[in-house]
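Structure first, then comments.
Residue numbers (the working numbering), protein chains in the order written: chain B, 666 to 920; chain R, 3 to 336; chain F, 5 to 323.
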């Protein structure tokens, strides 16, 4: 009930990409936003993270309009990991992760013991503890992605919004990340992520939202959402749906 | 009117420009003189010289070399700019923007002050060397040959200019302790031109201008892009070296008599291109005439500003050229 | 720990160069002579108290302020090539000051910083208008450079048509500390108020370095921070320019050097940048003074000789 959109239209330069979307995101789940390129899934995510202001409609957080809620407070509730990040010069990994604590720190950014504990924990969860003394600019793409994830985790919010977090990662790190989502989810966090890989979404997420051309086509559990007809109409592919022999979740195989 | 002029044939355009040029030369012979010179005296001085009339000797000894030098310097810089723009396929390229001016000025200042015994010829050679060094540096740093961004090349040029200008100022101040002379020289002026300068200028200018006209077919092919040019049988390395040498001759010639005059090389090729298009065979002569016209006009305009003192024509040109530079930069990047 | 040590060493370096600048010059003084120079009855009183001391203090103030302004600009627009002088703000401020001095010579010198400030603001707004808020590093720098060329050619023109005293002209062309004294220091003092404001932005500048999206999601207002940081930067630059002329490349290189020393956290970076700026300007002024006395080069020539190659290197490196 916490995060919901009501007739929301969002876009760039007066052009709506997301059109009139009303959506309630179930609390306590791992939610994947799926859809072909340009369908507006990232745009919708950015609107929910208050990066973009809707052209029409409202986004509600705990029943209040998101865009009139104090930004400092929201920063303790919603964390965003964008798809691409700048590479800050002369910043060490531990500094970057510590920046995630800034909604809680005072005006000079001084860290308490509690803050240090949370930073340590976030780095462990993202598997970057051994990188902590390195400069962010010296890391590989996949390492950097995990460092930024640690920063987002250090923000310690009940909701995590992620825009294609697995893009630059090796397969083993992708699996680790998705398993980390499960752990975090079990600890009570709601995770909303844009994903490219339908099978990955079906295997690790328990709620799928499928979009096409700025509108929501369907949503629900993977078993009910992932059908032959949906793949045909949204992604224009003919595919078969089978059951994953390991996880027993649905998976699609393109013919 | 401009549109009608654009539609005329190339020959008509050339003739018209030449006529306007003659008109401006005539104007520059008599306008704003401390000793009054009448418009008719300016003509009679040329054809029925009477050395006993003061106005006649003013026209012949001061005004005529000044006008000729302004024309030649303007033409040299404009053609150098056109070659550089063709060579780098970068519309912002020009001797002043890419640092060749500043490098040549530094070379010249060094030799003139530290080794004055080399004389005028020595300083021209030094100017060429200085220009060559900066040109090579800018090219390497701006990575122009590898199709680097246009902006990077220009920024490299600006930084090198700043560096050379700092050294030039340092040398001149340490030597002269006179900032205003430095300034006049750096701004560029033809006010002090005499026949001696002309004799030094014309051989180099002639070589440069004729040479430039001879390489125009190559420039046209370079315009098609490196790969195409190569497949059409152009030896890229040699073409570039040849073009660079011509640019350096032209810039050094202009600089050694008039000081560092900026923005003609940037401005004029664009004006010429809007008249005759991208064919370098037509573009270069038109650029030369327009460049001559522009510097001559700037020289005439500069005279009344603090009359009877002289304002460097280069300062006027910078005031016209800099907004154009901004316009080009912001238009390109849109 | 390393950062503390670096800052301490930098501060020591500043003190050392100040001592050097007090002792070296047309006449070299020993340590005892310098000390006696603070006594009004001493023969060195004039050299030390009226000439070298105010000049060193001014170099400290101007170096620190210009460097700080560069760090603010680089931090807030995330562009390693940016600085008030590359973006034309210094030259715009200088042009306004020169216009005031040459065209309205009767106006009190009190108005000089304010004229410079308005010139700097206009230059910044003009650049903003031409480039918009989302332009790449190279584009912003090249437009700024073009603007700077316009302003400096206008200054050249005014200098040529309405000649000032030679050394004064040099000041406005390259930036110099020549002939500056206690008067100018008192003119600059009120502007030091901006420094605490700049420091108060440190935390938000860190977050802006993470990108607009993340900074917003961490609760920072991007546009407000930008507005504040740029206004403070223009104010710092303009006040310095109105007194010492546009000293080039100082605001560009000091933050880069400081970042190499102490990293990119602005809480440490901002004070360190100021120290680095002080060192550079003190050194530049010292070298400019002692290279061939009594002729003086201007400090701006020296900073350009160090700064331009550094700029080229950055240009080579930047993506």
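A virtual CB, placed ideally from N, CA and C, is assigned to each residue, including glycine.
Please confirm whether residue 74/F and residue 304/F have their CB atoms less than 9 Å apart.
The residue you call residue 74/F lines up with position 70 of the third chain. The residue you call residue 304/F lines up with position 300 of the third chain. Not in contact: residue 74/F and residue 304/F (Cβ atoms no closer than 9 Å).
Along chain F, in chain order, which residues have C-beta atoms closer than 8 Å to that of residue 774/B?
If you number the first chain from 1, residue 774/B lands on position 109. The contacting residues are 206, 207, 210 and 271.
Quick one: which chain F residues come within Cβ less than 7 Å of residue 332/R?
Here residue 332/R is taken as the residue at index 330 of the second chain, counted from 1. The answer, in chain order, is 134 and 147.
Express the C-alpha separation of residue 234/F and residue 262/R in angstroms, rounding to a whole number.
Working through the second chain from its first residue, we reach residue 262/R at position 260. Working through the third chain from its first residue, we reach residue 234/F at position 230. Between residue 262/R and residue 234/F, the C-alpha separation is close to 35 Å.
Using Cβ-Cβ distances below 7 Å, what residues of the stretch 316-331 of chain R are close to chain D?
In the structure shown, chain D does not exist; the protein chains are B, R and F.
Please name the residue, chosen from 782/B, 783/B and 766/B, that lies closest to residue 643/B on a Cα-to-Cα basis.
Nothing in the structure corresponds to residue 643/B, since chain B is present only between 666 and 920.
Rounded to whole angstroms, what's the CA-CA distance from residue 26/R to residue 73/R? Just pull it up for me.
Numbered from 1 along the second chain, position 24 holds the residue referred to as residue 26/R. Numbered from 1 along the second chain, position 71 holds the residue referred to as residue 73/R. Distance between the alpha carbons of residue 26/R and residue 73/R is about 10 Å.
To the nearest angstrom, how far is it from the Cα of residue 64/R to the Cα of residue 321/R?
Here residue 64/R is taken as the residue at index 62 of the second chain, counted from 1. Here residue 321/R is taken as the residue at index 319 of the second chain, counted from 1. Cα to Cα, the separation comes out at about 26 Å.
If you measure between the beta carbons of residue 976/B and residue 761/B, is that distance less than 9 Å?
Chain B is shown from 666 up to 920; residue 976/B falls before or after that span and cannot be answered.
Tell me, to the nearest whole angstrom, how far the beta carbon of residue 21/F is from that of residue 283/F; I am working on the premise that it is less than 8 Å.
Translated into positions along the third chain, residue 21/F becomes position 17. Translated into positions along the third chain, residue 283/F becomes position 279. Going by Cβ atoms, the distance from residue 21/F to residue 283/F rounds to 6 Å, so yes, they are a contact pair.
Please compile the residues from chain F whose C-beta is within a distance smaller than 9 Å of the C-beta of residue 849/B.
On the first chain, position 184 is the one that residue 849/B refers to. Simply none; closest approach about 17 Å.
Within a Cβ cutoff of 8 Å, which residues of the same chain sit near residue 720/B, ignoring the five residues on either side of it in sequence?
Residue mapping note: residue 720/B aligns to position 55 of the first chain, counting from 1. Answer for residue 720/B: 674, 675, 676, 679 and 681, listed in chain order.
Grab me the residues of residue 71/R's own chain with a C-beta within less than 8 Å of its C-beta, minus the 5 sequence neighbours each way, in chain order.
For the purposes of this step, residue 71/R is identified with residue 69 of the second chain, where counting begins at 1. Contacts found: 192, 195, 199, 200, 203, 259 and 260.
Provide the residue(s) that pair with residue 828/B in DSSP beta bridges, ordered along the chain.
On the first chain, position 163 is the one that residue 828/B refers to. Bridge partners of residue 828/B: 859/B.
When the distance is taken between beta carbons, is residue 820/B closer than 9 Å to residue 740/B?
Here residue 740/B is taken as the residue at index 75 of the first chain, counted from 1. Here residue 820/B is taken as the residue at index 155 of the first chain, counted from 1. Yes.
Nearest chain F C-beta to residue 90/R closer than 9 Å, yes or no?
Along the second chain, one-based indexing puts residue 90/R at 88. Not an interface residue.
Pop quiz: residue 81/R and residue 289/R are said to be a contact at Cβ under 8 Å. What is the actual Cβ separation, rounded to whole angstroms?
Your numbering for residue 81/R matches position 79 in the second chain. Your numbering for residue 289/R matches position 287 in the second chain. Right, their Cβ atoms sit about 6 Å apart.
Between the C-alpha atoms of residue 690/B and residue 272/F, what's the straight-line distance to the nearest angstrom?
By 1-based counting over the first chain, the position of residue 690/B is 25. By 1-based counting over the third chain, the position of residue 272/F is 268. Cα to Cα, the separation comes out at about 42 Å.
Grab the span of the beta strand (DSSP E) containing residue 726/B for me, first residue to last.
Residue mapping note: residue 726/B aligns to position 61 of the first chain, counting from 1. That run of the beta strand (DSSP E) goes 721-726.
Do you know offhand how far residue 135/F's Cα is from residue 330/R's?
Sequence index remark: in the third chain, residue 135/F carries index 131 (1-based). Sequence index remark: in the second chain, residue 330/R carries index 328 (1-based). Rounded to the nearest angstrom, the two C-alpha atoms are 13 Å apart.
Residue 803/B by DSSP, collapsed to three states: which one?
Start at 1 with the first residue of the first chain, and residue 803/B comes out as number 138. Helix.
Using DSSP bridges, identify the partner residues of residue 880/B.
Here the question's residue 880/B lines up with position 215 in the first chain. Answer by DSSP bridge pairing, in chain order: 877/B.
Restricting to runs no shorter than 4 residues, where is the alpha helix (DSSP H) found entirely within the stretch 219-282 of chain F?
226-248 and 254-266
Is there a Cβ of chain F sitting closer than 9 Å to that of residue 706/B, yes or no?
As a position in the first chain, residue 706/B is number 41, starting the count at 1. False, the Cβ-Cβ gap to chain F never drops below 9 Å.
Locate the alpha helix (DSSP H) running through residue 24/R, then write down its first and last residues.
Taking the first residue of the second chain as position 1, residue 24/R is located at position 22. Looking at the DSSP string, the run of the alpha helix (DSSP H) that includes residue 24/R is 12-32.
For a minimum of 4 consecutive residues, which ranges assigned as the alpha helix (DSSP H) are wholly contained in the stretch 210-290 of chain R?
218-224, 228-233, 238-260 and 266-278
With a cut-off of 8 Å on the beta carbons, I'd call residue 26/F and residue 57/F a contact; round off their distance for me.
Taking the first residue of the third chain as 1, we reach residue 26/F at position 22. Taking the first residue of the third chain as 1, we reach residue 57/F at position 53. The pair is a contact, with the Cβ atoms about 7 Å apart (cut-off 8 Å).
If we cut at 9 Å on Cβ distances, does residue 319/F have a partner in chain R?
Stepping through the third chain from its first residue, residue 319/F is reached at position 315. Judged by the 9 Å Cβ criterion, residue 319/F is in contact with chain R.
Would you give the residue range spanned by the beta strand (DSSP E) that residue 915/B belongs to?
Sequence index remark: in the first chain, residue 915/B carries index 250 (1-based). Residue 915/B: member of the beta strand (DSSP E) spanning 915-919, first to last residue.
Compare the C-beta of residue 214/F against all C-beta atoms of chain B and say whether one is closer than 9 Å.
Position 210 of the third chain holds residue 214/F. Closer than 9 Å to some Cβ of chain B, the Cβ of residue 214/F qualifies, so yes.
One question on the structure: do residue 220/R and residue 241/R come within less than 9 Å of each other, judged by their Cβ atoms?
Residue 220/R sits at position 218 when you count from the first residue of the second chain. Residue 241/R sits at position 239 when you count from the first residue of the second chain. Contact flag set, yes.
Skipping 5 residues on each side, what residues in its chain have a beta carbon closer than 7 Å to that of residue 303/R?
In the second chain, residue 303/R corresponds to position 301, counting from 1. Excluding positions up to five away in sequence, the list reads 318.
Restricting to Cα atoms, I'd like to know which of 815/B, 830/B and 710/B is closest to residue 759/B.
For the purposes of this step, residue 759/B is taken as the residue at position 94 of the first chain. Closest by alpha carbon: 815/B.
Looking at residue 693/B: is its Cβ nearer than 9 Å to the Cβ of residue 850/B?
For the purposes of this step, residue 693/B is identified with residue 28 of the first chain, where counting begins at 1. For the purposes of this step, residue 850/B is identified with residue 185 of the first chain, where counting begins at 1. Yes, these two residues count as a Cβ contact at 9 Å.
Are there three or more Cβ pairs, one per stretch, closer than 8 Å when the stretch 117-131 of chain F is compared with the stretch 225-243 of chain F?
yes
With contact counted as at least three CB pairs below 8 Å, one residue from each stretch, are the stretch 65-81 of chain F and the stretch 158-168 of chain F in contact?
Contact fails: fewer than three Cβ-Cβ distances are below 8 Å.
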